[in-house]
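The structure under discussion appears below in the form of structure tokens.
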């Protein structure tokens with residue numbers, strides 16, 4: 020028997036590839052009370068920086084452990100990448116707005132007119 024094990028191994032989970040996606044971390048004061056307040060902050064910051072031609076693709080609310088699209092993480096149960104992140108990446112996201120270090124996360128894409 021050889022000292023080397025040539026059997027296939029499971030790949031090590033990798034962090035999502037966010038290259039090409041601008042990442043914006045916000046720590047608003049006062050802190051947002053809920054998802055709706057956080058969404059308003061993220062939307063306003065996106066409009067302020069880039070204008071109106073952006074749309075929210077996916078998001079996560081850690082307070083309620085709720086994501087959109089709903090149940091997108093069900094297919095990612097054993098994955099290092101949450102479903103809402105994968106959805107944003109694979110549907111053209113160019114901006115990630117992270118409020119309070121993952122408490123609320125929003126992915127946005129430009130609207131091609």
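In our numbering, the protein residues as written are 20 to 132. Beta carbons: idealized from backbone N, C-alpha and C, even for Gly.
- Task: Could you tell me the boundaries of the alpha helix (DSSP H) in which residue 61 lies?
- Result: Run containing residue 61: 54 to 69, per the alpha helix (DSSP H) assignment.
- Task: For residue 114, count neighbouring Cβ atoms within 10 angstroms of its own Cβ and tell me buried if that reaches 16, exposed if not.
- Result: By the 10 Å Cβ count, residue 114 comes out buried.
- Task: Rounded to whole angstroms, what's the CA-CA distance from residue 100 to residue 67? Just pull it up for me.
- Result: One alpha carbon belongs to residue 100, the other to residue 67, and they sit about 29 Å apart.
- Message: Our contact map puts residue 107 next to residue 76 with C-beta atoms below 8 Å; I'd like the distance itself, whole angstroms only.
- Response: With a beta-carbon spacing of about 5 Å, residue 107 and residue 76 fall inside the 8 Å limit used to define contacts.
- Item | Delimiting residues of the alpha helix (DSSP H) encompassing residue 118 | Note, residue 118: premise wrong, no alpha helix (DSSP H); beta strand (DSSP E) at 114 to 118.
- Taking DSSP as the reference, what is the three-state secondary structure of residue 130? The three-state secondary structure of residue 130, taken from DSSP, is coil.
- Query: For residue 102, does the count of other Cβ atoms within 10 angstroms reach 16, so buried, or fall short, so exposed?
  - Reply: Under this definition residue 102 is a buried residue.
- For residue 52, which of 82, 129, 39, 34 has the nearest alpha-carbon? Residue nearest to residue 52 within the set 82, 129, 39, 34 is 82 (criterion: CA-CA distance).
- Can the beta-carbon of residue 73 be found closer than 9 Å to that of residue 128? Yes. Within cutoff.
- Message: Rounded to the nearest angstrom, what separates residue 111 and residue 46 at their Cα positions?
- Response: Going by the C-alpha atoms only, they are around 25 Å apart.
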